[in-house]
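Peer 1: Residue numbers for the sequence shown follow this note's numbering, beginning at 198 and rising by one. Using N, Cα and C, we set each Cβ at its ideal position, and we do this for glycine too. Below is a structure I'd like to ask you about.
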Amino acid sequence: MEDEARDGASGRSGAAPGSAQRTERSQDDARPAPEADRLDYRAVFAALSAPKVLLAPDLTVLDVNDAYLDMLGLPATALVGRSLNAGFTFSPADDEHVGRIVRSLEKVLQTGRIDLLEPLRIDLPGDRPGEWVERHWLVTNLPVFDASGRVAALVHRAEDVTGVVRSSQRTAADRSIGLDAAVVDQALHLGSSVGRFQEGLDRERRAALQLQDSILTAPAQPEGLRIDVRYRPASREMHVGGDWYDAFELACGCTFVVVGDVVGHDISAAATMGQLRGVMRGVAYESGTSPATILERTERAADGLGIETAATVAAALVGLPGPAGDRALTWVSAGHPPPVLVRADGSAELLARHNDRMFGLGSGTSRTNHADVLHPGDTLLLYTDGLVERRDRRLRDALRDLPGVVEEIADGSRDRFLDALVARLVPRPSEDDVALVSVEVLTGDASGG
Numbered sequence: 198m199e200d201e202a203r204d205g206a207s208g209r210s211g212a213a214p215g216s217a218q219r220t221e222r223s224q225d226d227a228r229p230a231p232e233a234d235r236l237d238y239r240a241v242f243a244a245l246s247a248p249k250v251l252l253a254p255d256l257t258v259l260d261v262n263d264a265y266l267d268m269l270g271l272p273a274t275a276l277v278g279r280s281l282n283a284g285f286t287f288s289p290a291d292d293e294h295v296g297r298i299v300r301s302l303e304k305v306l307q308t309g310r311i312d313l314l315e316p317l318r319i320d321l322p323g324d325r326p327g328e329w330v331e332r333h334w335l336v337t338n339l340p341v342f343d344a345s346g347r348v349a350a351l352v353h354r355a356e357d358v359t360g361v362v363r364s365s366q367r368t369a370a371d372r373s374i375g376l377d378a379a380v381v382d383q384a385l386h387l388g389s390s391v392g393r394f395q396e397g398l399d400r401e402r403r404a405a406l407q408l409q410d411s412i413l414t415a416p417a418q419p420e421g422l423r424i425d426v427r428y429r430p431a432s433r434e435m436h437v438g439g440d441w442y443d444a445f446e447l448a449c450g451c452t453f454v455v456v457g458d459v460v461g462h463d464i465s466a467a468a469t470m471g472q473l474r475g476v477m478r479g480v481a482y483e484s485g486t487s488p489a490t491i492l493e494r495t496e497r498a499a500d501g502l503g504i505e506t507a508a509t510v511a512a513a514l515v516g517l518p519g520p521a522g523d524r525a526l527t528w529v530s531a532g533h534p535p536p537v538l539v540r541a542d543g544s545a546e547l548l549a550r551h552n553d554r555m556f557g558l559g560s561g562t563s564r565t566n567h568a569d570v571l572h573p574g575d576t577l578l579l580y581t582d583g584l585v586e587r588r589d590r591r592l593r594d595a596l597r598d599l600p601g602v603v604e605e606i607a608d609g610s611r612d613r614f615l616d617a618l619v620a621r622l623v624p625r626p627s628e629d630d631v632a633l634v635s636v637e638v639l640t641g642d643a644s645g646g
């Protein structure tokens with residue numbers, strides 16, 4: 198069992214570094230160099246000087262490195278395949294500290310974020326019955342992500358810092374040590390420093406989300422239409438950025454809807470997205486022309502204003518209702534996943550037409566409009582690639598299956614259509630932002646007519 202666990206851990210060690218990268222890299226880029234393919238990751242794990250344990254999500258020990266075994270004087274067979282704490286006997290006085298470590302691991306499993314604890318006293322049995330040997334531990338718990346962004350394993354690092362703690366205690370009685378005391382204090386405050394650093398990251402992330410919330414305003418609700426929007430940021434650290442949605446009425450009375458994805462996943466991408474969205478709004482409202490022309494004019498305006506960016510965009514124009522309530526639909530795609538059209542009977546179609554170049558690539562060629570008709574009860578869905586793109590699956594396959602998933606969800610309440618779609622397709626935590634817009638043409642009864 199030990200050999201099997203070690204083999205499994207080696208495979209996970211090889212996958213984890215690539216899985217933490219963003220989806221801008223192609224699958225070929227994400228593969229290790231040929232030299233890395235020849236590395237024995239089990240040997241690398243064993244050679245790490247810091248004591249580490251690889252855990253399954255249920256806190257079963259999958260692997261232990263040599264430094265951890267040497268620190269405790271235990272063989273691997275005493276730990277591998279058992280619960281993390283099953284191989285130890287702790288002083289009953291330290292139960293609360295042991296519980297804190299378990300709660301920290303559970304927190305990392307749920308949040309996907311590193312957690313570091315200040316030095317904890319957990320004594321170990323001595324040579325004589327009832328004897329306890331004082332030990333202090335600096336504990337760090339880290340997530341290991343699989344290809345879909347889920348936490349697949351945990352790395353538990355528990356370093357014996359008893360000597361540092363005792364030195365600090367002696368220093369408290371003799372301040373003449375000077376520089377050594379400062380070094381010890383710095384080591385002991387490592388946990389709180391990392392905590393403050395994490396708090397700073399959290400504040401920065403909240404600021405980024407507030408920026409996006411201020412930009413991604415509520416959609417218009419033209420008479421006879423129901424427009425719903427959703428935005429879910431990526432769950433990993435500061436990965437908020439360039440996805441956006443918009444829906445508003447033009448001077449002609451038509452309705453313009455758009456989703457886009459600016460390259461990048463940081464505050465700079467969010468700021469660029471806000472600029473691009475504002476320019477597109479102005480161009481669309483004043484021109485009132487086709488989506489292709491709106492994108493072309495927005496591209497020229499962004500270039501002239503010095504807004505350097507690349508983005509994928511899907512934009513649609515929903516016309517005014519005809520005598521039977523039908524509305525003309527015109528849309529354009531700039532390197533973006535195709536829209537989905539859900540008919541009143543619940544059937545769904547992927548509007549896979551000609552896909553133009555990405556926005557911002559500088560080509561002067563004209564863009565192509567596509568046309569269809571929305572009948573009462575029909576719904577148009579625009580979305581960004583975070584809804585369907587996964588590292589462990591080809592995008593072509595995901596798009597092929599999307600209409601079937603939409604049909605299953607559309608059988609339920611249209612009121613929860615977008616929420617159900619996100620819950621079904623987007624993992625937690627996710628690696629990419631997701632923005633969605635749905636436009637439903639209301640029937641006479643639904644619109645109050």
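Which of helix, strand or coil does DSSP assign to P534?
Peer 2: The answer is coil: DSSP assigns P534 none of H, G, I, E or B.
Peer 1: Between the segment 444-451 and the segment 605-621, are three or more C-beta pairs nearer than 8 Å?
Peer 2: No: the two stretches stay apart, fewer than three of their Cβ pairs being nearer than 8 Å.
Peer 1: Compare the C-alpha of G278 against each of Q418, P254, L584, V358 and name the closest.
Peer 2: P254
Peer 1: Tell me the DSSP bridge mates of H333?
Peer 2: R318
Peer 1: Please say whether C451 and L514 have beta carbons closer to each other than 8 Å?
Peer 2: Yes.
Peer 1: Report the partner residues of F342 according to the DSSP bridge assignment.
Peer 2: V348
Peer 1: Taking just the CA atoms, how far does E586 sit from A481?
Peer 2: Using only the alpha carbons, I get a separation of about 29 Å.
Peer 1: Who are the Cβ neighbours of V305 in its own chain at under 8 Å, not counting the five residues just before and after it?
Peer 2: I311, D312, N338, L339, P340, V348, L351
Peer 1: Consider the C-beta atom of V631 and the heavy atoms of the ligand COA; say whether any pair is separated by less than 7 Å.
Peer 2: No copy of the ligand COA appears in this structure; indeed no ligand is present at all.
Peer 1: Report the residue from P430, V295, A264 whose alpha carbon sits nearest the alpha carbon of L281.
Peer 2: V295
Peer 1: By Cβ distance below 7 Å, which residues in the same chain neighbour A549 in space, the five residues on each side in sequence not counted?
Peer 2: P535
Peer 1: Just the C-alpha distance for V634 and I606, rounded to the nearest angstrom, thanks.
Peer 2: 16 Å
Peer 1: Cα separation between E420 and V258?
Peer 2: Here the C-alpha atom of E420 lies approximately 60 Å from the C-alpha atom of V258.
Peer 1: Would you decide whether L577 is buried or exposed? Buried here means 16 or more other CB atoms lie within 10 Å of its CB.
Peer 2: buried
Peer 1: I'd like to know if the segment 537-546 and the segment 474-490 are in contact, where contact means that at least 3 CB-CB pairs between them fall below 8 Å.
Peer 2: A contact is defined here as three or more CB-CB pairs under 8 Å, and the segment 537-546 fails this definition with respect to the segment 474-490.
Peer 1: A489 lies in the alpha helix (DSSP H); which residues open and close that run?
Peer 2: 488-501
Peer 1: Using the Cβ count rule (16 or more neighbours within 10 Å means buried), how would you classify P430?
Peer 2: buried
Peer 1: Run through DSSP, which three-state label would I504 get?
Peer 2: coil
Peer 1: Do the CB positions of T509 and H533 come within less than 8 Å of each other?
Peer 2: H533 sits close to T509, with the two beta carbons spaced by under 8 Å.
Peer 1: Can you tell me whether DSSP reads E356 as helix, strand or coil?
Peer 2: DSSP, read as helix, strand or coil, puts E356 in strand.
Peer 1: Starting from the Cα of E356, find the closest Cα among F342, R497, V336, R363 and give me that residue.
Peer 2: Comparing alpha-carbon positions, the option among F342, R497, V336, R363 lying closest to E356 turns out to be V336.
Peer 1: Flag this pair as touching only if the segment 553-569 and the segment 586-600 have three or more C-beta atom pairs under 8 Å; answer yes or no.
Peer 2: no
Peer 1: Can you tell me the Cα-Cα spacing of T640 and R300, whole angstroms?
Peer 2: If you draw a straight line from the Cα of T640 to the Cα of R300, it comes to about 52 Å.
Peer 1: Look up G641 in the DSSP assignment and say whether it is helix, strand or coil.
Peer 2: coil
Peer 1: Please report how far the alpha carbon of F287 lies from the alpha carbon of Y238, in whole angstroms.
Peer 2: 32 Å
Peer 1: By DSSP, does D608 sit in helix, in strand, or in coil?
Peer 2: coil
Peer 1: Under 8 Å, do D458 and T581 count as touching if we go by C-beta distance?
Peer 2: yes
Peer 1: Less than 8 Å separating the beta-carbons of V529 and A498?
Peer 2: no
Peer 1: Reducing DSSP to helix, strand and coil, say where V294 ends up.
Peer 2: At residue 294 the sequence reads His, which differs from the Val that was named. Three-state result, H294: helix.
Peer 1: So the candidates are R354, V460, D267, N262; which of them puts its Cα closest to the Cα of G629?
Peer 2: Before going further, note that residue 629 is Asp rather than Gly in the sequence given. The option with the nearest alpha carbon to D629 is V460.
Peer 1: Roughly how many angstroms separate the alpha carbons of L517 and R494, rounded to a whole number?
Peer 2: 23 Å
Peer 1: L622: which of I504, L584, D608, D594 sits nearest, CA to CA?
Peer 2: L584
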